[in-house]
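Student:
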Amino acid sequence: MNRTDRLYAIVEALRARAPRPLRAVELARRFEVTTRTVERDLAALQQTGVPIWAQPGPGGGYGLDPSSTMPPLNLTPDEATAIAVALAAAGGMPFAGAGRSALQKLIAVMPPGQVAAAGRLTARMALTTDEPIAPEATAQVEEAIRDNRAIEIDYLDRNDQATSRTVEPAALIGGHLGWYMLGFCRLRQDGRAFRLDRIKAAHVTAERITPRTLEELVANDPIPGLRPLGALVPEE
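Laid out in structure tokens, this is it:
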């Protein structure tokens, strides 16, 4: 067993025994290495952030807090490929950078054989259009929505008329023409959808807001086919 596999196996052994500890000598015997090697492995895992604790004295050993750990997340090659294709096809979607970072974290915990299989599968995928460039204001809109803050924008409407507005952002909506910020426009005193690529400048204010519901914002002008994604990540 190589060191990478052993480190993974040590974590799983501690998780299976939790909340009771395991002595280093027991782990050494299980993995057919010296106690000193196991102690170095445990120190390395602690340095990477794995919540391993040590209990000295008789009956002590090393343990893992079950409340702060989760079972390993193993994606199949098909699942990893589906996520990669979705990210590539979405192009300049909101939180695209976070999506790519999340995919890399998921790939990092996949077994090498599964990563190789996913690589072979994605190598057989291609897009026929250039990747859309994310509008310059996307990062500010993401921040305003994430932190529940009002945002000031310079907006160019469909008639090329420029206005400055303060908006209470509520949601991001994807459509066939691109992505929109849905929010309460203080200039119009009503719900409005702003195409991200028409926002020419944006400034996130320090003002905290309570986001209005989608139903409230579209009550006077329903959006056909609106499909909220909240069910994908249910709140606890």
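In the numbering used here, the protein residues as written are -10 to 225. All residues carry an ideal CB built from backbone N, CA and C; glycine is no exception. As the structure is a prediction and not an experimental result, all values here were calculated from the model.
On the criterion of 16 or more Cβ atoms from any shown chain inside 10 Å, does Pro10 qualify as buried, or is it exposed?
Tutor: Pro10 counts as buried, since no fewer than 16 other beta carbons sit within 10 angstroms of its beta carbon.
Student: Between Arg154 and Gly81, what straight-line distance do the alpha-carbon atoms span, to the nearest angstrom?
Tutor: Each residue's CA atom was taken as its position, placing Arg154 and Gly81 some 24 Å apart.
Student: To the nearest angstrom, how far is the alpha carbon of Val193 from that of Ile134?
Tutor: 10 Å
Student: Taking contact to mean 3 or more Cβ pairs, one atom from each stretch, closer than 8 Å, check whether the region 143 to 153 and the region 100 to 117 are in contact.
Tutor: At 8 Å Cβ cutoff, the stretches do not touch.
Student: Tell me the rounded alpha-carbon separation between Ala182 and Leu171.
Tutor: 4 Å
Student: Which same chain residues end up closer than 8 Å to Phe84 when comparing Cβ atoms and leaving out the 5 residues on each side of it in sequence?
Tutor: Glu131
Student: Return the chain-ordered ranges of every alpha helix (DSSP H) run that is complete within the region 162 to 213 and spans a minimum of 4 residues.
Tutor: 203 to 206
Student: On the CB-based measure, 16 or more other CB atoms within 10 Å of its CB, does Glu225 come out buried or exposed?
Tutor: Confidence at Glu225 is low in this model, with a pLDDT of 37, below 50, so its placement is unreliable and the value that follows should be read with caution. It counts as exposed.
Student: To the nearest angstrom, how far is it from the Cα of Ala220 to the Cα of Asp186?
Tutor: Per-residue confidence for Ala220 stands at a pLDDT of 47, beneath the threshold of 50, marking its modelled position as unreliable; the derived number appears in the next sentence. Answer to the nearest angstrom: the Cα atoms are 27 Å apart.
Student: Once DSSP output is grouped into helix, strand and coil, what is the label at Glu1?
Tutor: Helix at Glu1.
Student: For my contact list, Trp42 and Asp54 are in at a C-beta cut-off of 8 Å; report their separation, rounded to the angstrom.
Tutor: The Cβ separation is near 7 Å, so the contact holds.
Student: Run through the region 61 to 140 for me and flag every whole alpha helix (DSSP H) of 4 or more residues, listed as ranges in chain order.
Tutor: 66 to 79, 85 to 97, 101 to 111 and 127 to 136
Student: When you compare only the Cα positions, how much space is there between Leu215 and Ala79?
Tutor: So the two alpha carbons sit approximately 18 Å from each other.
Student: Taking only three categories from DSSP, how would you classify Arg12?
Tutor: coil
Student: Name the residue from Leu176, Glu125, Gly46 and Tyr51 whose alpha carbon lies nearest to the alpha carbon of Gln35.
Tutor: Tyr51
Student: In or out: Thr70 buried (at least 16 other Cβ within 10 Å) or exposed?
Tutor: buried
Student: Can you name the residues that DSSP bridges to Glu157?
Tutor: Phe173
Student: Taking the alpha carbon of Val39 as the point to measure from, which residue in Gly167, Ala208 and Ile(-1) has its own alpha carbon closest?
Tutor: The shortest Cα separation from Val39 among Gly167, Ala208 and Ile(-1) belongs to Ile(-1).
Student: Take Val207 and list the residues in its own chain whose beta-carbon comes closer than 8 Å to its own, dropping the five residues that flank it on each side.
Tutor: Leu171, Gly180 and Leu215
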